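Enquirer: My structure is below; once you've seen it, I'll send some questions.
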Amino acid sequence: MPESVGVRQAQAQRTRRGLLEAAAAVFVEQGVQAPVRDIAVRAGVGVGTLYRNFPTRADLVTAVYRHQIDACAALAPQLLEESASAFTALTRWTDAFVDFLVTKHGLGAALGSGEAGLENLHALMLDTLVPACTTLLDACTAEGGLRPDVTAYRLMRAVGNLCITGPDYDQADARHMVALLLAGCRTPA
317 MPESVGVRQA
327 QAQRTRRGLL
337 EAAAAVFVEQ
347 GVQAPVRDIA
357 VRAGVGVGTL
367 YRNFPTRADL
377 VTAVYRHQID
387 ACAALAPQLL
397 EESASAFTAL
407 TRWTDAFVDF
417 LVTKHGLGAA
427 LGSGEAGLEN
437 LHALMLDTLV
447 PACTTLLDAC
457 TAEGGLRPDV
467 TAYRLMRAVG
477 NLCITGPDYD
487 QADARHMVAL
497 LLAGCRTPA
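Spelled out as structure tokens, the structure:
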């Protein structure tokens, strides 16, 4: 491969990654309906570059959340390896999952909008994150630190419900309630 082709490909990957990072940050601040111009400005590119990489808003939203979902899933085995116990790994992973959920302003509305391209995002999240959570739960159960009736889907759904923030309930409140939920999932001492 000629060097110039490799350089162009590397630049295209950096541009795409920069757009994903900028979009993720803007989505946290303004929600998924934020103006694409704000995303392009934050990425340091023109709107045309954004549209060349992501022709529709659904393409951009899906790419941002796919990237974040994959990162959250990859965190599970990493935390199991580096944590003192499986329950510590589960707690740390759940904290990351809470961060992911709380910062998704407007994602729920976007998922229910019927916009083409977004209908599979919820399934993608479940298909990717439930197995990651199951790995953690299985390790906790094997250590004897978790009730055997706790399933990944139920736990993630409960965490998701606890992460619905509002004027009198913020991310800190969600973290506190999720910590209480996890404590209730432990086997009695």
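The opening residue of the sequence shown carries number 317 in our numbering; numbering runs sequentially from there. Positions of the beta carbon are idealized from the N, C-alpha and C atoms, including for glycine. Since the model is a prediction, treat every value here as computed from it, not as a measurement.
Apart from the five residues on each side of it in sequence, which residues of its chain come closer than 7 Å, Cβ to Cβ, to Arg353?
Expert: Correct list, in chain order: Val363.
Enquirer: If you count every other CB in all the chains shown that lies within 10 Å of the CB of Thr467, and 16 or more means buried, which is it?
Expert: Exposed, because fewer than 16 other Cβ atoms sit within 10 Å of the Cβ of Thr467.
Enquirer: Could you check if Thr372 is buried or exposed, using at least 16 other CB atoms within 10 Å of its CB as the buried criterion?
Expert: With fewer than 16 Cβ atoms within 10 Å of its Cβ, Thr372 is classed as exposed.
Enquirer: Quick check on the DSSP output: the alpha helix (DSSP H) that includes Gln394 runs from which residue to which?
Expert: Residues Arg373 to Glu398.
Enquirer: Would you mind stating whether Leu417 and Leu452 have Cβ atoms separated by less than 8 Å?
Expert: Their beta carbons are not under 8 Å apart, which means Leu417 does not touch Leu452 by this criterion.
Enquirer: Under three-state DSSP, which class holds Gly285?
Expert: There is simply no residue 285 to check, as the chain begins at 317 and stops at 505 in what is shown.
Enquirer: Would you give the residue range spanned by the alpha helix (DSSP H) that Ile355 belongs to?
Expert: Start and end: Val352 to Ala359.
Enquirer: Quick one, which of Tyr485, Gly500, Arg332 and Cys449 has its alpha-carbon nearest Leu395's?
Expert: The candidate whose alpha carbon is nearest that of Leu395 is Cys449.
Enquirer: DSSP state of Arg463, grouped into three classes?
Expert: Arg463 falls in the coil class under three-state DSSP.
Enquirer: Taking the continuous alpha helix (DSSP H) assigned at Thr407, which residues delimit it?
Expert: Per DSSP, Thr407 belongs to the alpha helix (DSSP H) from Ala402 to Val418.
Enquirer: So Cys501 is in the alpha helix (DSSP H); what residue range does that whole segment cover?
Expert: Gln487 to Cys501 is the span of the alpha helix (DSSP H), which, as asked, contains Cys501.
Enquirer: Since Thr378 contacts Thr331 with CB under 8 Å, what's their CB separation in whole angstroms?
Expert: Not really, about 18 Å apart at Cβ, beyond 8 Å.
Enquirer: How about Met493 and Leu471: are their beta carbons less than 8 Å apart?
Expert: Not in contact: Met493 and Leu471 (Cβ atoms no closer than 8 Å).
Enquirer: For a quick check, are the C-beta atoms of His383 and Leu336 less than 8 Å apart?
Expert: For His383 and Leu336, yes; Cβs fall inside 8 Å.
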